[in-house]
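Colleague: If you read the sequences in order, they're chains A and B. Going by this note's numbering, 22 is the number at position 22 of the first sequence; the sequence numbering is gapless. Just add 1000 to the spot in the second sequence (first one is 1) and you have this note's numbering. For glycine and all other residues, C-beta sits at the position ideal for the given N, C-alpha and C. Can you keep this structure in mind? I'll have questions shortly.
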Amino acid sequence: MKNVEENMGLELRGLKKILGGRVIIENLDLSVAKGEMISLLGPSGCGKTTTLRMIAGFLIPDAGTVTVAGRDVTNFGPEKRPSAMVFQNYALWPHMTVSKNVAYPLKIKGLGKIEIAEKVEAALGLVNLLHHKDSRPGRISGGEQQRVALARALIQEPDVLLLDEPLSNLDAKLREKVREDIRELQRRLGITTVIVTHDQEEALSISDRVAVMNSGKIEQFSNPQDLYRHPATEYVATFIGALNRFEGNLVEGRIVSGSDVIGIRPEDLILSSQPKDGAFLGAVELVIPRGHFFEVVIRREDGIFKAFTNEFIPAVGENVFVKIKKSLRYQNGKLVA
Amino acid sequence: MRRYFNPAKVALNLSVFLLALFILGPILWLGVHAFVTDWKYPHLYPSGLTLNWWSKVFLDSALKTAIRNSLIISPIVVVLSMVICLPAAYAAGRKNYWGRKTFMITLFSANSFPKIGLFAAIATLYYTLNLMGTFLGVVIIQLLGTIIYMTWIPAAAFASVPRYLEEAARDAGANKFTVFRTITLRMAMPGILVAIVMSFLASFDEAQGSYLVGAPTIYTMPTEMYSLVQNYPIQVAAVFSILLAIPSVLLLGLARKHIMGGQLAEGFQIK
């Protein structure tokens, strides 16, 4: 039953893309359920934009298939695909008014004037831009331009909505609001959505699931909590959130030399002034206030630890007991349970 | 209250006035002489007003033919130039093929030598092709002068249309031809309009080559000016000069209104 549902969304199978003699994407698989919102997250050059462009149809994969709503669209051009994209720079046509921009896809489809006018009205209403109907894109703010681009994409009633770095051109204040607006709209319309972003906070806060990408491969495709608490690879563990990383093994609460890699989240370190079972003494080197918590750097004889705490805040130079509450163990980059 | 007298301001106004007189003076002179019977030193006022010179121009069959020829030849030249050059301009602006730069630079060759030498060489070619004194011969000569405008300006205009705007149209369901028609061409239009105006003026004002290959059978307005200055009263030449200037002024006015005030000013503000 789950499989059938998944097939109605977006399905990438064995995608491969070579550009300029370089393998950009190698054997990529991805299943997005209908109505799900996922992110492709990774540093620049990891292949996330190439993947998005293959879903949109601007690039034809060298191998593999793209299936949308159960239909194989691999060899279709972008105009034939049931996907709609919001471009990073919004790509609004400057010689058309806002409503002409939004009406364009319907005009191409050959819909009647009255029907187009009604749908444009509805789409602009959806993004609260009816008052800018007759403005030129150059005359409205960046956030408004993006809403126009969103309306232009939604009016096509696409099976998959593609967002390329949707928040990168907005200032920090607006970013959070737009993020919530997009999420709310996506939930209300139940539209399958793929976001490309390099911003992990953006990806984790908006998506049902996040695909962390690295050099053309998906390292892990999971929900945000999983990615943070159980990073499947060392790459994901270091990429998402803060991490204390040690080369060695963890034996009875201490780092000893060994072949594994041990990762410890800063909030998984327990500080106390009293000795505890499994806690070892270290010297506080740095205390940095971070708003609602403190970052404390402690030198223990087996290494330097960064801890986040908001209960017990030691002073610089003080000796405290540090206990490792939870750790992640990696062998050859992969998580060992 | 006594009005404040500022010598610097007066001097400035005076110099602006003199500059304007220097630039516009000849046009004023033309404008006046086209409508007066005679106005020569030492007479302070013209001896009378008349539309006589205008009727003379419009009744003179040679002059009428020249006007008609110009109004037929120049539009044909512009249309031919567009047909020949715009595809090349699109290719040069959008595709990066081998030898593209060399090709674009070569187009300047017709403009980089003294024209009369080029025209003389073409004239010998025309004799063997029987194009001397023909309508087609004049059209081809004038076409040469428009090529630079009709390739370089539209090429830059096509090149400046961002690819993502075309991609957005593809994504919205438009095929390649529709994208070209509704996005690329529309956004390059200001540049193409400028090229059309420049080409029309280049063709309309071209005298040297047109005279060499067209006379004595085909006269256009500028080539007719040569005989006009010698064989007619000076006031007829004034009328003719004004007629010659009308298309330029009209086109520049239109260009100012539609290009400077329109999309070009409005369009390219977004990132």
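Residue range of the beta strand (DSSP E) that K323 of chain A falls in?
Modeller: Note, K323 of chain A: beta strand (DSSP E), N319 to I324.
Colleague: Would A1159 of chain B pass as an interface residue toward chain D - the criterion being a Cβ-Cβ separation below 7 Å?
Modeller: In the structure shown, chain D does not exist; the protein chains are A and B.
Colleague: Three or more C-beta pairs closer than 8 Å, one from the region 127-136 of chain A and one from the region 155-175 of chain A: is that the case here?
Modeller: Judged by Cβ distances under 8 Å, the region 127-136 of chain A makes no contact with the region 155-175 of chain A, as fewer than three pairs qualify.
Colleague: With a threshold of 7 Å on Cβ separation, who are the neighbours of M59 of chain A within its own chain once the five nearest residues in sequence on each side are excluded?
Modeller: What sits at residue 59 of chain A in the sequence shown is Leu, not Met. Result list for L59 of chain A: K17, T50 and R53, in chain order.
Colleague: Does the distance from the C-beta atom of E1224 of chain B to that of A1066 of chain B stay below 7 Å?
Modeller: Going by C-beta atoms, E1224 of chain B is nearer than 7 Å to A1066 of chain B.
Colleague: Using 8 Å for Cβ pairs, my map puts V98 of chain A next to L129 of chain A. What's the rounded Cβ distance?
Modeller: 7 Å
Colleague: Leaving out five residues before and five after A56 of chain A in sequence, what residues of the same chain have Cβ atoms less than 8 Å from its Cβ?
Modeller: P78, R81, S83, M85 and L162
Colleague: Is the CB-CB distance between I1192 of chain B and P1247 of chain B below 7 Å?
Modeller: Against a cut-off of 7 Å, the Cβ pair of P1247 of chain B and I1192 of chain B comes out as no contact.
Colleague: Less than 7 Å between C-beta atoms, sequence neighbours within five positions excluded: which residues of the same chain meet that for A1188 of chain B?
Modeller: P1154, A1157, F1158 and V1161
Colleague: Please determine if the region 165-174 of chain A and the region 100-113 of chain A are in contact, where contact requires at least 3 C-beta pairs separated by less than 8 Å.
Modeller: no
Colleague: Starting from E247 of chain A and walking both ways along the beta strand (DSSP E), at which residues does that stretch end?
Modeller: Judged by DSSP secondary structure, E247 of chain A falls within the beta strand (DSSP E) whose first and last residues are N244 to V251.
Colleague: From which residue to which residue does the alpha helix (DSSP H) around Q200 of chain A run?
Modeller: Q200 to I206
Colleague: Which whole-angstrom value describes the C-beta separation of M1104 of chain B and M1150 of chain B, a residue pair presumed to lie in contact below a C-beta threshold of 8 Å?
Modeller: That belief does not hold up - the Cβ atoms of M1104 of chain B and M1150 of chain B are roughly 12 Å apart, past 8 Å.
Colleague: Tell me where the beta strand (DSSP E) around D366 of chain A begins and ends.
Modeller: In the structure as shown, chain A begins at 1 and stops at 337. Residue 366 of chain A is therefore absent and cannot be evaluated.
Colleague: Any chance the region 301-316 of chain A sits against the region 212-219 of chain A, with 3 or more Cβ pairs inside 8 Å?
Modeller: Using a C-beta cut-off of 8 Å, the region 301-316 of chain A makes no contact with the region 212-219 of chain A, since fewer than three inter-stretch Cβ pairs fall below that distance.
Colleague: Run through chain A and tell me which residues come within less than 9 Å of R1186 of chain B, C-beta to C-beta.
Modeller: W93, H95 and M96
Colleague: Please determine, among A:A117, A:D29 and A:P61, the residue with the shortest C-alpha to C-alpha distance to V23 of chain A.
Modeller: A:P61
Colleague: Should Y1004 of chain B be labelled buried (16 or more other beta-carbon atoms within 10 Å of its own) or exposed?
Modeller: exposed
Colleague: Taking C-beta pairs closer than 9 Å, name the residues in chain B that G77 of chain A reaches, listed in chain order.
Modeller: Residues of chain B whose Cβ lies closer than 9 Å to the Cβ of G77 of chain A are, in chain order, R1170, N1175 and K1176.
Colleague: Pull up the distance between the alpha-carbon of S1074 of chain B and that of W1039 of chain B, whole angstroms please.
Modeller: Their Cα atoms are separated by approximately 35 Å.
Colleague: Would you say E1266 of chain B reaches chain A, if we count a Cβ-Cβ gap shorter than 7 Å as a contact?
Modeller: Residue confidence is low: E1266 of chain B scores 45 on pLDDT, short of 50, so the model does not pin down where it sits. No coordinate-derived value is stated.
Colleague: Looking at the strands, I want to know which residues DSSP matches up with V1036 of chain B.
Modeller: B:L1049
Colleague: Which whole-angstrom value describes the C-beta separation of P105 of chain A and Q156 of chain A, a residue pair presumed to lie in contact below a C-beta threshold of 8 Å?
Modeller: 5 Å
Colleague: Using a C-beta cutoff of 7 Å, does E1206 of chain B count as contacting chain A?
Modeller: no
Colleague: Following the continuous alpha helix (DSSP H) through F1005 of chain B, name the residue where it begins and the one where it ends.
Modeller: Where F1005 of chain B is concerned, there is no enclosing alpha helix (DSSP H), given that its DSSP letter is neither H nor E.
Colleague: Which residue comes first and which comes last in the beta strand (DSSP E) that contains A283 of chain A?
Modeller: A279 to P289
Colleague: Quick one: give me the first and last residue of the alpha helix (DSSP H) that T1124 of chain B is part of.
Modeller: K1115 to L1129
Colleague: If we ignore side chains and look at the alpha-carbon of each, how far apart do E6 of chain A and E36 of chain A end up?
Modeller: For E6 of chain A, the pLDDT reaches just 46, beneath the cut-off of 50, and the residue's location in the model is therefore unreliable, although a value from the coordinates is still provided. In a straight line, the C-alpha of E6 of chain A is about 10 Å away from that of E36 of chain A.
Colleague: Of all Cβ atoms in chain B, is any one closer than 7 Å to the Cβ of M54 of chain A?
Modeller: Not one beta carbon of chain B lies nearer than 7 Å to the beta carbon of M54 of chain A.
Colleague: Check whether the region 1210-1228 of chain B and the region 1004-1022 of chain B are in contact - that is, three or more C-beta pairs closer than 8 Å.
Modeller: no
Colleague: Please report how far the alpha carbon of A1172 of chain B lies from the alpha carbon of E115 of chain A, in whole angstroms.
Modeller: 17 Å
Colleague: Determine whether the Cβ of P105 of chain A lies closer than 7 Å to any Cβ atom of chain B.
Modeller: yes
Colleague: Can you find a C-beta in chain B that's less than 7 Å from the C-beta of I155 of chain A?
Modeller: At least 7 Å separates the CB of I155 of chain A from every CB of chain B.
Colleague: Does G20 of chain A pass the burial test, meaning 16 or more other C-beta atoms within 10 Å, or should it be called exposed?
Modeller: exposed
Colleague: Alpha carbon to alpha carbon, what distance is there between V194 of chain A and R71 of chain A?
Modeller: 17 Å
Colleague: Does the distance from the CB of V102 of chain A to the CB of A123 of chain A come in under 7 Å?
Modeller: yes
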